[in-house]
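Trainee: Number 228 marks the last residue of the sequence shown (this note's numbering); no jumps. Positions of the beta carbon are idealized from the N, C-alpha and C atoms, including for glycine. Below you'll find the structure I mean.
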Amino acid sequence: AARVVVNCGGLWADHVEGFQRQSPFSVRPRRGDYVVFANPGERWLSRPVGQVPSPTSRGVYVWQTLHGNIACGPTAVHQDDRETAVAPPDTIQRLRETAAETLPALVGAEVVATYSGLRPATEFKDYQIEPCWERRWITVGGVASTGLTASLGIGDYVCELADTMLEQLPGGSAALGERGLAGAKWTPLPDLEQIYRSFRERGDGTVSIHGREHVVTHPLSRLGYAGS
Numbered sequence: 001a002a003r004v005v006v007n008c009g010g011l012w013a014d015h016v017e018g019f020q021r022q023s024p025f026s027v028r029p030r031r032g033d034y035v036v037f038a039n040p041g042e043r044w045l046s047r048p049v050g051q052v053p054s055p056t057s058r059g060v061y062v063w064q065t066l067h068g069n070i071a072c073g074p075t076a077v078h079q080d081d082r083e084t085a086v087a088p089p090d091t092i093q094r095l096r097e098t099a100a101e102t103l104p105a106l107v108g109a110e111v112v113a114t115y116s117g118l119r120p121a122t123e124f125k126d127y128q129i130e131p132c133w134e135r136r137w138i139t140v141g142g143v144a145s146t147g148l149t150a151s152l153g154i155g156d157y158v159c160e161l162a163d164t165m166l167e168q169l170p171g172g173s174a175a176l177g178e179r180g181l182a183g184a185k186w187t188p189l190p191d192l193e194q195i196y197r198s199f200r201e202r203g204d205g206t207v208s209i210h211g212r213e214h215v216v217t218h219p220l221s222r223l224g225y226a227g228s
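Spelled out as structure tokens, the structure:
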């Protein structure tokens, strides 16, 4: 049996929660669509430029990526499908128009990619993070867009909860280990040029970091590493 269970099921977190109780929240997938323009070869933006936020979204932004591409998004479209994220052509066209209104230099600019993703929104605005001490179960649900910014803090908090649960097991500190989860050491990433070089030399969509192979999944990273 597991000593501690962390439900970080994302789009399926409410289903996973059903293994230990009636889920107090329901995941309502929210699709975000993006367009990516070609790298202009110079810095056009020093910071993200946003639209007016709506009740369901922080709004559409235009920004220049670390690799130089200009990106625009996301939209905020609710849907029932938890597995497929595809933007219709009219949505892509609206994003192109929004990008050009925000940054006129993008009028007629080449779009090199589009992509979409799903955020695990719920009926609540807050994250659904809650420990169940009796079952040693930690729920981490409803972590949508702002979860990227909050991820390190969420991770620290969940590790502290897990450490406390492990301390309550027979053997206490022995079950916890020398440092515990919250005291884990992290290996720093290599510099960006080294990652670029690894991606292009391998040519299979992966990079080697400290001897371990990693598949590059995010569209912006794939485009940037490839020099698109």
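Which of the three DSSP states, helix, strand or coil, is assigned to alanine 71?
Mentor: Here alanine 71 sits in strand by DSSP.
Trainee: Excluding the five sequence neighbours on either side, which residues of its own chain have a C-beta within less than 8 Å of the C-beta of serine 26, listed in chain order?
Mentor: Taken in chain order, the residues that qualify are Asp14, Thr122, Glu123.
Trainee: How about leucine 169 and arginine 3: are their beta carbons less than 8 Å apart?
Mentor: Closer than 8 Å, so yes.
Trainee: Which residues mark the beginning and the end of the alpha helix (DSSP H) in which threonine 229 is found?
Mentor: No statement about residue 229 is possible, as the shown extent of the chain runs from 1 to 228 and does not include it.
Trainee: What's the gap between the Cα of glycine 117 and the Cα of proline 74?
Mentor: In a straight line, the C-alpha of glycine 117 is about 9 Å away from that of proline 74.
Trainee: Can you tell me the Cβ-Cβ gap for valine 140 and cysteine 8, rounded? I've got them flagged as a contact below 8 Å.
Mentor: Right, their Cβ atoms sit about 5 Å apart.
Trainee: Count the other CB atoms within 10 Å of the CB of serine 151; is the residue buried (16 or more) or exposed (fewer)?
Mentor: By the 10 Å Cβ count, serine 151 comes out exposed.
Trainee: Can you give the beta carbon distance from leucine 11 to valine 112, rounded, assuming they're within the 8 Å contact cut?
Mentor: The pair is not a contact, with the Cβ atoms about 27 Å apart (cut-off 8 Å).
Trainee: Would a C-beta distance cut-off of 8 Å place aspartate 33 and threonine 98 closer than the cut-off?
Mentor: No; because the gap between Cβ atoms is not below 8 Å, this pair is not in contact.
Trainee: Does the beta-carbon of glycine 142 have 16 or more other beta-carbons within 10 angstroms, so that it is buried, or is it exposed?
Mentor: Its Cβ being crowded by 16 or more others within 10 Å, glycine 142 is buried.
Trainee: Out of curiosity, what's the CA-to-CA distance linking glutamate 77 and glycine 59?
Mentor: According to the sequence displayed, residue 77 carries valine and not glutamate. Cα to Cα, the separation comes out at about 12 Å.
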